Amino acid sequence: MNAQKCLDILRGIKDVAFATVNDEGKPEVRIIDVMIVEKEKLYFCTGRGKDFYRQLLEHPDIAVTGLNKEFQMVRLSGKAEKLADQKKWIDRIFEENPVMNGVYPGESRYILEPFCIESGELEFFDLGKSPIYRESFVFGEEKPAKQKGFLITDACIGCGKCMRGCPQQCITQGTPFQINQENCLHCGLCFENCPVQAIVRRGL
Ligand code: SF4
Ligand code: SF4
166 MNAQKCLDIL RGIKDVAFAT VNDEGKPEVR IIDVMIVEKE KLYFCTGRGK DFYRQLLEHP
226 DIAVTGLNKE FQMVRLSGKA EKLADQKKWI DRIFEENPVM NGVYPGESRY ILEPFCIESG
286 ELEFFDLGKS PIYRESFVFG EEKPAKQKGF LITDACIGCG KCMRGCPQQC ITQGTPFQIN
346 QENCLHCGLC FENCPVQAIV RRGL
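Residue 166 is where the sequence shown starts when you use the numbering used here, and the numbers rise one by one after that.
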């Protein structure tokens, strides 16, 4: 798995959830087509009359997520930028997605504006596997992603309570015990149950 493959999954699902923040600072989410994915960039478009369009211009921070039939989820957070060469990109989007001609026939297509997400964080989460599998990536000029989940510190006394209770059996014995991060649900059960508070949140 890598960043490009994560973006390809979103393009494969095509209709995915895009979340923005409205004027009141409240979240809004809607289904938007992923129109093009290439060279670790994701392209989409929207009409100039839509609230989504206004929100993108005012608050370009965006979150995108989708789940495919294999129960593989991809989550993206990044910044959406409006593209300068509107007609070129809208024509290209219609070329790659001919079904759009039925929705915006003829010249009406130019009420749409093209956007690109060219940097951000990506998370791949495979619920179709046992144990589950997760991996995170950055793309474009994004700085390394903040670590999530939990970590077992040297305060561990080796009692094994966390290992016995872990729903994914992703804790292994050692000094200290260790969490296999790629299989962890981030559920927090081990964190809540450790008798000596040896488990801490990562990335704080
Ligand atoms: S529950 Fe806490 S002390 Fe016990 S093995 Fe796990 S991390 Fe170590
Ligand atoms: S957070 Fe949940 S899944 Fe991850 S190691 Fe702890 S108990 Fe297991």
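In this text, a Cβ means the ideal position worked out from N, Cα and C, and glycines have one as well.
Predicted, not measured: the structure shown is a model, and the values here were computed from it.
When Cβ pairs closer than 8 Å are counted between the two stretches, the segment 246–253 is seen not to touch the segment 181–192, the count staying below three.
Between ligand 2 and residue 354, a heavy atom-to-CB distance of less than 8 Å is present. Annotation for residue 195: the continuous beta strand (DSSP E) segment containing it runs 192–198. At the C-beta level, residue 350 and residue 333 come within 9 Å of one another. Of 203, 234, 247, the smallest CA-CA separation from residue 224 is found for 247.
Closest option to residue 288, judged by alpha-carbon separation, among 324, 268, 228, 343: 228. Cβ neighbours of residue 323 within its own chain (closer than 8 Å, five residues either side excluded): 338, 340, 341, 342.
For residue 291, the secondary structure class from DSSP, reduced to helix, strand or coil, is strand. In the structure shown, residue 369 falls within a coil segment according to DSSP collapsed to helix, strand and coil.
Residue 358 has its Cβ nearer than 8 Å to a heavy atom of ligand 1.
Counting only unbroken stretches of 4 or more residues, the alpha helix (DSSP H) elements lying wholly within the segment 230–284 are 251–261, 265–268, in sequence order. Here residue 324 carries a coil assignment [DSSP, helix/strand/coil]. For the 9 Å CB-CB criterion, residue 206 and residue 232 do not form a contact. According to the DSSP assignment, residue 177 belongs to the alpha helix (DSSP H) that extends over 168–178. Residue 302 is a Cβ neighbour of residue 167, given a cutoff of 9 Å. One Cα belongs to residue 249, the other to residue 313, and the distance between them is close to 36 Å.
When DSSP states are grouped into helix, strand and coil, residue 355 belongs to the helix group. When C-alpha distances from residue 240 are compared across 300, 267, 280, 219, the shortest belongs to 300.
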